[in-house]
Amino acid sequence: MTLSGPRPEWLTFDCYGTLIQWDEGLLAAMDKILAGKGRSIDRDAFLAVYDRYEHRLEAERPHRSFRDVSATALALAMDEFALEFSAGDSDTLTLSIGRMPPFPEVVATLAGLKAAGFKLAIISNTDDAIIAGNIAQLGGAIDRVITAEQARAYKPAKQIFQHAWRELGVEKEQLVHICASPHLDLAAARELSFRTIWVDRGSGRKPLADYAPNETVARLSEVLGLLSVAGWTE
Numbered sequence: 133m134t135l136s137g138p139r140p141e142w143l144t145f146d147c148y149g150t151l152i153q154w155d156e157g158l159l160a161a162m163d164k165i166l167a168g169k170g171r172s173i174d175r176d177a178f179l180a181v182y183d184r185y186e187h188r189l190e191a192e193r194p195h196r197s198f199r200d201v202s203a204t205a206l207a208l209a210m211d212e213f214a215l216e217f218s219a220g221d222s223d224t225l226t227l228s229i230g231r232m233p234p235f236p237e238v239v240a241t242l243a244g245l246k247a248a249g250f251k252l253a254i255i256s257n258t259d260d261a262i263i264a265g266n267i268a269q270l271g272g273a274i275d276r277v278i279t280a281e282q283a284r285a286y287k288p289a290k291q292i293f294q295h296a297w298r299e300l301g302v303e304k305e306q307l308v309h310i311c312a313s314p315h316l317d318l319a320a321a322r323e324l325s326f327r328t329i330w331v332d333r334g335s336g337r338k339p340l341a342d343y344a345p346n347e348t349v350a351r352l353s354e355v356l357g358l359l360s361v362a363g364w365t366e
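The opening residue of the sequence shown carries number 133 in the working numbering; numbering runs sequentially from there.
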């Protein structure tokens, strides 16, 4: 697949893992939390268990805030590993998320996309208060931020994307979504048929077997070139 069709008015982005260094930041937060527990464990195995609980909780109804989801997922994961959980552990995690920095190329790339005439929005599985610290690090280029808290739904549910499109006042044909998450964002694109650029940062995450993004890049800085090739920049 390649990018084609009408020039997008909006470029929408996943935040964590696409713009913000999620894996690196989450590992650092977990190291800090686990360091005080008195024994060592396989942190990759622990993160996999945390991730499983997080996505399960996000799919449940009624909707939970991400602060609640992350705290509950952390407590369940720690219980599975026979580790003592405290409220301070969840505070450490949520505070760490808001402080996670962008990837090195992100701020300059967003500025370039903005200068090329695109409107920029983030669609993210988080709460407004948590993501505020990350947005503050993006150089002022982001026009709108749509969160799971606002939509009362988490990706890959179609509700969060449909809510975002209503808020932006566009149809799906008027945007391109840029993301690093196959099992959340690309899964939604498979169902809703919106155009995507997948940022494959070498994390080991793979596209869905039955879906191909319109384009794939290794770094966000490659996106402007793709948009130029598509004839969408001057």
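Note that the Cβ used here is the ideal one computed from N, Cα and C, for glycine as well.
Between His195 and Arg284 a beta carbon distance of about 5 Å is seen, short of the 8 Å cut, so the two are scored as contacting.
In this structure the stretch 204 to 211 lies against the stretch 221 to 228, because at least three pairs of beta carbons, one per stretch, are closer than 8 Å. Residue range Lys290 to Leu300 is occupied by the alpha helix (DSSP H) that includes His295. Rounded to the nearest whole angstrom, the C-alpha separation of Ile255 and Ile274 is 11 Å.
Ranked by Cα distance from Leu252, the options Ile152, Leu300, Gln291 and Pro345 are led by Leu300. Within the same chain, Cβ atoms closer than 7 Å to the Cβ of Trp154 are found at Tyr148 and Met232, the five residues on either side in sequence being excluded. Taking Ala362 as the centre and dropping the five residues before and after it, the same chain places the C-beta of Leu135 closer than 6 Å to its C-beta, in chain order. Glu186: not part of any beta strand (DSSP E); member of the alpha helix (DSSP H) spanning Arg175 to Ala191, first to last residue. Non-local beta-carbon contacts of Glu237 in its own chain, meaning distances under 6 Å to residues more than five positions away in sequence, involve Arg351, Leu352 and Ser353 in chain order.
Under the criterion of beta carbons closer than 8 Å, Ile292 and Ile310 do not qualify as touching, at roughly 16 Å. Ranked by Cα distance from Ala160, the first of Ala320, Asn346 and Ile229 is Ile229.
Rounded to whole angstroms, the gap between the alpha carbons of Pro314 and Gly357 is 22 Å.
Distance from the CA of Trp364 to the CA of Glu303, rounded to the nearest whole angstrom, comes to 18 Å. About 7 Å separates the beta carbons of Thr144 and Ala296, which is inside the 8 Å limit, making them a contact pair. Secondary-structure assignment with DSSP links Arg327 through a beta bridge to Val308. Assignment of Arg171 by DSSP, reduced to helix, strand and coil, places it in the coil class. Here Leu316 has Lys287 and Pro288 as same chain residues with Cβ atoms under 6 Å from its own Cβ, once five neighbours each way along the sequence are excluded.
Burial check for Gly157: the Cβ neighbour count within 10 Å reaches 16 or more, so the residue is buried. Cβ-Cβ distances below 7 Å link Ala203 to Ser222 in the same chain, with the five nearest sequence neighbours on each side left out; the list follows chain order.
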